[in-house]
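As they're listed, the protein sequences go chains A and B. First residue of the first sequence: 1, per full-length UniProt numbering; consecutive thereafter. First residue of the second sequence: 1, per full-length UniProt numbering; consecutive thereafter.
2 protein chains.
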Amino acid sequence: MQISELSDRSGLTVQTIKFYIREGLLPRGSAVSATRSEYDRRHLERLRLISALREVGDLPVAAIQQIITAIEDDTVSLHELFGTTQYAIGPHVAAPQDPNWRAAREDVDALVRELGWNVTERAPARDLLAHTFVALRRLGFPITLTDLRPYVRAAREVAEHEIGRVTDGASRARTVHSLLVSTVLYEQVLTALHRLAQEDASARRFGTG
Amino acid sequence: MQISELSDRSGLTVQTIKFYIREGLLPRGSAVSATRSEYDRRHLERLRLISALREVGDLPVAAIQQIITAIEDDTVSLHELFGTTQYAIGPHVAAPQDPNWRAAREDVDALVRELGWNVTERAPARDLLAHTFVALRRLGFPITLTDLRPYVRAAREVAEHEIGRVTDGASRARTVHSLLVSTVLYEQVLTALHRLAQEDASARRFGTG
């Protein structure tokens with residue numbers, strides 16, 4: 001297809017597509033004349049991934065470049081590729097080096113060890129969890145492993161489902177795309193359902209009619 | 001206690017406490033002389049709730065006023081009080097009146113009916129869920145009830161646990177406080193655990209070592 005059709009089908013302007021080519025995010029098409037190039041399905045798939053990373057993951061071009069380099073390097077395992085994508089997505093919380101924060105981060109690390117989860121030391125979600133522990137303690141709601149158990153179970157079940165639905169033999173770009181969607185959009189699905197379920201549970205316990 | 005001690009124990013400045021009194025968020029202390037008032041534990045509890053609503057819920061003074069009015073009005077059931085608090089907390093997504101959005105919102109309403117959940121028509125979480133459905137479809141990930149099942153189950157289990165841990169006989173202010181914390185902070189706990197669990201599930205399925 002020509003660049004105009006690629007633009008129509010991706011919903012991106014020709015100008016944006018040319019910008020992605022210049023930035024090395026999208027390979028050039030194959031030249032069929034001095035002024036025309038041909039593009040194929042892989043260009044379209046790549047553009048859809050770039051759009052998703054920008055819109056859904058809110059990622060800057062440099063982070064997208066890193067992910068695309070990892071997609072194209074077959075020596076990078078799918079697991080590392082997933083890590084690269086997940087770690088690039090926010091929220092990244094600052095880790096203030098005060099004693100409360102350090103204690104919370106140690107609790108998180110102990111929890112991950114106790115659960116036997118295979119998670120790197122630098123996973124941003126460790127800091128995110130430590131951050132909530134600090135806030136909960138400050139508000140007078142100290143955390144215990146018992147309090148966390150239902151959340152751990154829910155998180156594990158949902159994550160198993162998400163990793164399980166990745167299709168064997170899909171392209172690496174498609175796999176990254178679907179893991180990104182699981183991480184960001186299904187996280188919002190879970191948040192919305194959580195609020196609806198809270199209202200229902202409250203109606204059953206506290207409702208008057 | 002005097003206002004200086006109230007300030008120490010709440011971590012708020014005397015100026016902020018006086019502002020909350022002027023805005024009607026905090027009752028005046030009982031006057032013990034022309035220039036001194038006495039404050040008690042209820043003032044401290046109220047200040048902690050106000051701080052939590054501002055910091056954790058990111059709520060403006062007007063929304064806090066509405067919640068405090070509901071706390072003080074015993075004819076408002078705990079369920080309605082929880083609704084007032086939950087609906088005041090963001091995220092509130094805009095509902096663009098286009099056909100894709102209307103279709104997604106109808107799907108959400110059908111889902112809530114099918115689950116038999118007791119949730120008002122105006123619950124902001126319905127729009128939040130519709131918003132994610134639109135984004136998922138646009139990215140080529142249409143939603144089915146089967147895809148949603150693990151999320152529904154996880155949301156329900158966590159919500160049951162949260163509503164269940166509200167202590168009978170706690171003050172209404174304390175109950176609102178704890179439901180706020182469940183909604184906002186434990187939602188972040190769930191998000192962080194979800195990401196850690198994803199990494200672990202990915203290591204088991206795709207890891208190389």
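The beta carbon of each residue, even a glycine, is placed where N, CA and C say it ideally should be. Bear in mind the structure is a predicted one, so any value in this text is a computation, not a measurement.
Would you check if the distance between the CB atom of PHE133(A) and the CB atom of ASP107(A) is smaller than 8 Å?
-> The residue given as residue 133(A) occupies position 133 in the first sequence. The residue given as residue 107(A) occupies position 107 in the first sequence. Against a cut-off of 8 Å, the Cβ pair of ASP107(A) and PHE133(A) comes out as a contact.
With 8 Å set as the bound, which would you pick, yes or no: does the beta-carbon of ASP200(A) sit closer than that to a beta-carbon of chain B?
-> Start at 1 with the first residue of the first sequence, and residue 200(A) comes out as number 200. Judged by the 8 Å Cβ criterion, ASP200(A) is in contact with chain B.
GLY83(A) - containing alpha helix (DSSP H), residue span | Stepping through the first sequence from its first residue, residue 83(A) is reached at position 83. Start and end: 78-88.
Which chain B residues sit within Cβ distance under 7 Å of GLU160(A)?
-> The residue you call residue 160(A) lines up with position 160 of the first sequence. Under the 7 Å cutoff, chain B gives ALA201.
Cβ-based contacts, 7 Å cut-off: residues of the region 64-87 of chain A near chain B | SER77, LEU78, HIS79, PHE82, GLY83 and GLN86
Inter-residue Cα distance where the pair is ARG195(A) and ILE163(B) | Within the first sequence, numbered from 1, the residue matching residue 195(A) stands at position 195. Within the second sequence, numbered from 1, the residue matching residue 163(B) stands at position 163. Between the C-alpha atoms of ARG195(A) and ILE163(B) there is a straight-line separation of about 11 Å.
Got a sec, what are the start and stop residues for the alpha helix (DSSP H) HIS194(B) sits in?
-> By 1-based counting over the second sequence, the position of residue 194(B) is 194. Segment 172-206, the alpha helix (DSSP H) holding HIS194(B).
Could you please tell me which residues of the region 139-166 of chain A, in chain order, have their CB closer than 9 Å to any CB of chain B?
-> LEU139, GLY140, PHE141, ILE143, ASP147, LEU148, ARG149, PRO150, TYR151, VAL152, ARG153, ALA154, ALA155, ARG156, GLU157, VAL158, ALA159, GLU160, HIS161, GLU162, ILE163, GLY164, ARG165 and VAL166
Going along the chain, which residues of its own chain have a beta-carbon closer than 8 Å to the beta-carbon of GLN66(B), five neighbours each way excluded?
-> The residue labelled residue 66(B) in the question sits at position 66 within the second sequence. If we look at GLN66(B) and ignore the five residues flanking it on each side, its Cβ neighbours are THR84 and ALA88.
Cβ-based contacts, 7 Å cut-off: residues of the region 95-118 of chain A near chain B | VAL112, TRP117 and ASN118
Burial state of GLY24(B), where buried means 16 or more other Cβ atoms lie within 10 Å = Taking the first residue of the second sequence as 1, we reach residue 24(B) at position 24. GLY24(B) sits exposed, since fewer than 16 C-beta atoms from the chains shown fall within 10 Å of its C-beta.
Taking only the alpha-carbon atoms, compute the straight-line gap between THR13(A) and THR146(B) and give it to the nearest angstrom.
-> Working through the first sequence from its first residue, we reach residue 13(A) at position 13. Working through the second sequence from its first residue, we reach residue 146(B) at position 146. So the alpha carbons of these two residues sit roughly 36 Å apart.
DSSP three-state call for GLU38(B): helix, strand or coil?
-> Position 38 of the second sequence, counted from the first residue, corresponds to residue 38(B). Three-state result, GLU38(B): strand.
Hey, ALA130(A) and ALA104(A) are a contact pair by Cβ (cut 8 Å); roughly how many whole angstroms apart?
-> For the purposes of this step, residue 130(A) is identified with residue 130 of the first sequence, where counting begins at 1. For the purposes of this step, residue 104(A) is identified with residue 104 of the first sequence, where counting begins at 1. Contact annotation, ALA130(A) with ALA104(A): C-beta distance approximately 4 Å; criterion of less than 8 Å satisfied.
Please confirm if GLY207(A) has its CB atom under 8 Å from at least one CB of chain B.
-> Numbered from its first residue, the first sequence carries residue 207(A) at position 207. Yes, GLY207(A) lies at the interface with chain B (some Cβ there is under 8 Å from its Cβ).
Within the chosen definition, does the region 181-197 of chain B reach the region 181-190 of chain A through at least 3 CB pairs nearer than 8 Å?
-> The region 181-197 of chain B, when compared against the region 181-190 of chain A, does touch it at the 8 Å Cβ threshold.
Three-state secondary structure assigned by DSSP to ALA31(B) = As a first step, residue 31(B) must be located in the second sequence, where it is residue number 31. ALA31(B): strand per DSSP, three-state reduction.
Exposure label - THR183(A); buried when at least 16 CB within 10 Å | Residue numbering aside, residue 183(A) sits at position 183 when the first sequence is read from its first letter. Under this definition THR183(A) is a buried residue.
How about VAL152(A) and LEU128(A): are their beta carbons less than 8 Å apart?
-> Taking the first residue of the first sequence as position 1, residue 152(A) is located at position 152. Taking the first residue of the first sequence as position 1, residue 128(A) is located at position 128. No; because the gap between Cβ atoms is not below 8 Å, this pair is not in contact.
Simplified DSSP assignment, three categories, for ALA110(A) = Counted from its first residue, the first sequence places residue 110(A) at position 110. Three-state result, ALA110(A): helix.
Limits of the unbroken alpha helix (DSSP H) element including residue 247(A) | Because chain A here runs from 1 to 209, residue 247(A) falls outside it and cannot be looked at.
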